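Every position in the sequence shown, counted from 1, becomes a number in the working numbering once 292 is added.
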Amino acid sequence: MLIACNKLWINNKSLPIFPLIDDKWLTPDFLEAPILIIYGILHFLALFKPKKIFIWLIILIYIALILNDQNRIITYHYQVIIVLLLFLFNSPIYFYKGLFIGIYFWGGIHKFNPCFFNYFSNQHLFGLPDFLKFVLAISIPTIETLLALGLIFRLTKKYAFLGLVSMHLLILISVFLFFKSYNIIPWNIINCLILFHLFWKNSKVHFTIENSKIGMPSLILAITIFAGPLCNKANLWDEFLAFKMYTYDVNQFYYEVSDKVKTSLPIEIHQSYRKNKNGKTLFYLYDWFYRINGVPMYPEERNIIRIEQYLEGYLPSGALFSEELILKNYSYCE
């Protein structure tokens, strides 16, 4: 995953970074490359000799790196950190099963929203009639939710496993043919391997919480499966984290750009310019970050401040930001 997502870690400075607290409060620029090298070495050490000290260091360094730039938080990174924590606490296998049932269940439930349905209704989808688009939009979250619940029961476990692996394979095919978002390739492959280990290879180990002790692993599992996703769905937790990223219920920030400054902005933005129906030039922050990082911008309002500070340096002398670049937000829910 580190190799596939290298652009997220090696910032080429053509994008603003989003430190969570102040400016690069944990590591200055000159330390980031050595820390990243150590981070990579720890992964290889943990792969061949999975000692807990290596896992702890990976988690701590990862936290430091994402605090310096929130763009590095993408869906499966969150998931992998939880798995590593469960590994550290010697959690029994049913904790992992519960975690993955929760991930797929909430992934399906979050897609029951107007944004997801409207996105499909506005797509051409090979010329399908509107009724079939609607059926498709309803089917995707319904099937994903039912497959997650199917992992619980002995009679349906292997069928649900086959269904979810097929879903990941369809995503991989779509990535290669249409989306070119190669950052999500390792996530889909790893999920298939984990599903095989948990629900096919270990099919005799039933999902249960009987005789389990209430402790840190139980707390992590409860937060991951219930509290975190619920807060995320209620807009009390960042939109981009884990469950909303692929539901289209996220901020779609864009700028309307005046003719006076559109040639002054970075060349990567020029490649993302669009024209609206009124002939005005605009660019979506999603497109700009996606073109460089392979993942969208971390779409929280607090990060707009960083972007505007970055873009102000490109404006001609005397140009007022608020007049030349007008921030707007588009939602598929509208």
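Ideal Cβ placement from N, Cα and C applies to all residues, glycine included. It should be emphasised that the depicted structure is a prediction, and the values quoted were computed from it without experimental measurement.
- Query: What did DSSP end up calling Leu617 once you bin it into helix, strand or coil?
  - Reply: By 1-based counting over the sequence shown, the position of residue 617 is 325. Looking at Leu617 - three-state DSSP - the assignment turns out to be strand.
- Message: Considering just the uninterrupted stretch of the alpha helix (DSSP H) at Glu560, what are its terminal residues?
- Response: Here residue 560 refers to the residue found at position 268 when the sequence shown is read from its first residue. Glu560 -> alpha helix (DSSP H) spans Ile559 to His562.
- Query: Candidates Met537, Met459, Leu300 and Val375: which alpha carbon is nearest Gln362's?
  - Reply: As a position in the sequence shown, residue 362 is number 70, starting the count at 1. Measuring from the Cα of Gln362, the nearest candidate turns out to be Leu300.
- Should Asn585 go down as buried or exposed, given a rule of 16 or more other Cβ atoms within 10 Å for buried? Here the question's residue 585 lines up with position 293 in the sequence shown. By the neighbour-count rule (16 or more Cβ atoms within 10 Å), Asn585 is buried.
- Measure from the alpha carbon of Ile329 to the alpha carbon of each residue in Lys343, Ile295 and Ser306, then state which is nearest. For the purposes of this step, residue 329 is taken as residue 37 along the sequence shown, with counting starting at 1. Among Lys343, Ile295 and Ser306, the Cα nearest to that of Ile329 is on Ile295.
- Query: Between which two residues does the alpha helix (DSSP H) containing Val457 stretch?
  - Reply: By 1-based counting over the sequence shown, the position of residue 457 is 165. Where Val457 is concerned, the enclosing alpha helix (DSSP H) stretches over Lys449 to Ser466.
- Item | Assumed close pair Ile355, Ile365 - CB separation to whole angstroms, cut-off 8 Å | Counted from its first residue, the sequence shown places residue 355 at position 63. Counted from its first residue, the sequence shown places residue 365 at position 73. Actually they do not touch by this definition, with Cβ atoms about 10 Å apart.
- Message: Does Phe575 come out as helix, strand or coil in the three-state DSSP assignment?
- Response: Walking along the sequence shown from the start, residue 575 turns up at place 283. Correct three-state label for Phe575: strand.
- Neighbour-count burial assignment, Cys625, 16 or more Cβ in a 10 Å radius: The residue you call residue 625 lines up with position 333 of the sequence shown. Exposed, by the Cβ-count rule.
- Take Trp298 as the anchor and find which of Leu619, Leu376, Leu380 and Pro478 has the nearest alpha-carbon. Here residue 298 is taken as the residue at index 6 of the sequence shown, counted from 1. The amino acid at residue 298 is misidentified as Trp; the sequence shows Asn. Closest by alpha carbon: Pro478.
- Between the beta-carbon of Lys554 and the beta-carbon of Thr573, is there less than 8 Å? Within the sequence shown, residue 554 is the residue found at index 262, counting from 1. Within the sequence shown, residue 573 is the residue found at index 281, counting from 1. For Lys554 and Thr573, yes; Cβs fall inside 8 Å.
- Query: Between Tyr622 and the rest of its own chain, which residues show a CB-CB distance below 7 Å, the 5 nearest in sequence each way excluded?
  - Reply: The residue labelled residue 622 in the question sits at position 330 within the sequence shown. Once the five neighbours on either side are set aside, the close Cβ partners of Tyr622 are Gln544 and Tyr546.
- Taking Cβ to Cβ, would you say Leu439 is nearer than 8 Å to Leu456? Your numbering for residue 439 matches position 147 in the sequence shown. Your numbering for residue 456 matches position 164 in the sequence shown. Yes. Within cutoff.
- Query: Can a CB atom of chain B be found closer than 8 Å to the CB of Gly400?
  - Reply: Reference to chain B is not applicable here, since this structure consists of a single protein chain.
- Use the C-beta contact count for Gln371: other C-beta atoms within 10 angstroms, 16 or more gives buried, fewer gives exposed. Here the question's residue 371 lines up with position 79 in the sequence shown. Buried.
- Item | Opposing strand residues paired with Gln544 [DSSP bridges] | Within the sequence shown, the letter at position 252 stands for residue 544. Looking at the DSSP assignment, Gln544 forms a beta bridge with Tyr622.
- Message: In whole angstroms, give me the CA-to-CA distance for Trp348 and Pro384.
- Response: Working through the sequence shown from its first residue, we reach residue 348 at position 56. Working through the sequence shown from its first residue, we reach residue 384 at position 92. Roughly 19 Å between the two C-alpha positions.
- Item | Straight-line Cα distance separating Asn568 from Ala611 | As a working mapping, residue 611 is identified with position 319 in the sequence shown. As a working mapping, residue 568 is identified with position 276 in the sequence shown. Each residue's alpha carbon lies about 23 Å from the other.
- Query: So is Ile501 buried or exposed if we call it buried at 16+ other beta carbons inside 10 Å?
  - Reply: Here residue 501 refers to the residue found at position 209 when the sequence shown is read from its first residue. Annotation note: pLDDT 44 at Ile501 (below 50); position unreliable, coordinate value reported separately. Classification for Ile501: exposed.
- Task: Note down, one range per segment and in chain order, each alpha helix (DSSP H) of at least 4 residues found wholly within the stretch 380 to 427.
- Result: 385 to 401 and 406 to 413
- CA-to-CA distance, Ile393 to Asn503, given in whole angstroms: Position 211 of the sequence shown, counting from 1, holds the residue named residue 503. Position 101 of the sequence shown, counting from 1, holds the residue named residue 393. Low local confidence applies: a pLDDT of 48 at Asn503 is under 50, so the model's placement there is unreliable, and no value is given.
- Figure out for me which residue from Ala452, Lys525, Glu531 and Glu600 has the closest Cα to the Cα of Val549. Indexing the sequence shown from 1 puts residue 549 at position 257. When only C-alpha atoms are compared, the closest one is Glu600.
- Query: Pro588 and Ser306 look like a contact to me (Cβ under 8 Å); what is the Cβ gap, rounded to whole Å?
  - Reply: As a first step, residue 588 must be located in the sequence shown, where it is residue number 296. As a first step, residue 306 must be located in the sequence shown, where it is residue number 14. Not a contact, Cβ separation roughly 16 Å.
- Task: Select from Ala452, Phe453, Leu454 and Ile481 the residue whose C-alpha is nearest the C-alpha of Ile465.
- Result: If you number the sequence shown from 1, residue 465 lands on position 173. The option with the nearest alpha carbon to Ile465 is Ile481.
- Give the straight-line distance between the Cα atoms of Phe499 and Leu424, rounded to the nearest whole angstrom. Along the sequence shown, read from residue 1 onward, the residue named residue 499 stands at position 207. Along the sequence shown, read from residue 1 onward, the residue named residue 424 stands at position 132. Because the pLDDT at Phe499 is just 49, under 50, the model does not fix this residue reliably, and the point stays unresolved.
- Message: Can you tell me whether Gly605 is buried or exposed? The criterion is at least 16 other CB atoms within 10 Å of its CB, across all chains shown.
- Response: Taking the sequence shown and counting its residues from 1, the one referred to as residue 605 is at position 313. It counts as exposed.
- Message: Relative to the C-alpha of Tyr388, which candidate in Ile350, His489 and Asp422 has its C-alpha closest?
- Response: Position 96 of the sequence shown holds residue 388. Per the Cα distances, His489.
- Task: Classify Thr516 as buried or exposed, calling it buried when 16 or more other Cβ atoms lie within 10 Å of its own Cβ.
- Result: Translated into positions along the sequence shown, residue 516 becomes position 224. Under this definition Thr516 is a buried residue.
- Could you check the C-alpha separation between Phe346 and Asn382 for me, to the nearest Å? Start at 1 with the first residue of the sequence shown, and residue 346 comes out as number 54. Start at 1 with the first residue of the sequence shown, and residue 382 comes out as number 90. Rounded to the nearest angstrom, the two C-alpha atoms are 15 Å apart.
- Item | C-alpha distance - Tyr474 paired with Gln415, whole-angstrom precision | By one-based count along the sequence shown, residue 474 stands at place 182. By one-based count along the sequence shown, residue 415 stands at place 123. Cα to Cα, the separation comes out at about 22 Å.
- Query: Rounded to a whole number of angstroms, what is the C-alpha to C-alpha distance between Tyr578 and Ile561?
  - Reply: In the sequence shown, counting from the first residue as 1, residue 578 sits at position 286. In the sequence shown, counting from the first residue as 1, residue 561 sits at position 269. Straight-line Cα distance between these residues: approximately 11 Å.
- Task: Between the Cα of Ser413 and those of Leu603, Tyr540 and Glu615, spot the shortest distance and give me the residue it belongs to.
- Result: For the purposes of this step, residue 413 is taken as residue 121 along the sequence shown, with counting starting at 1. The residue with the shortest Cα to Cα distance from Ser413 is Tyr540.
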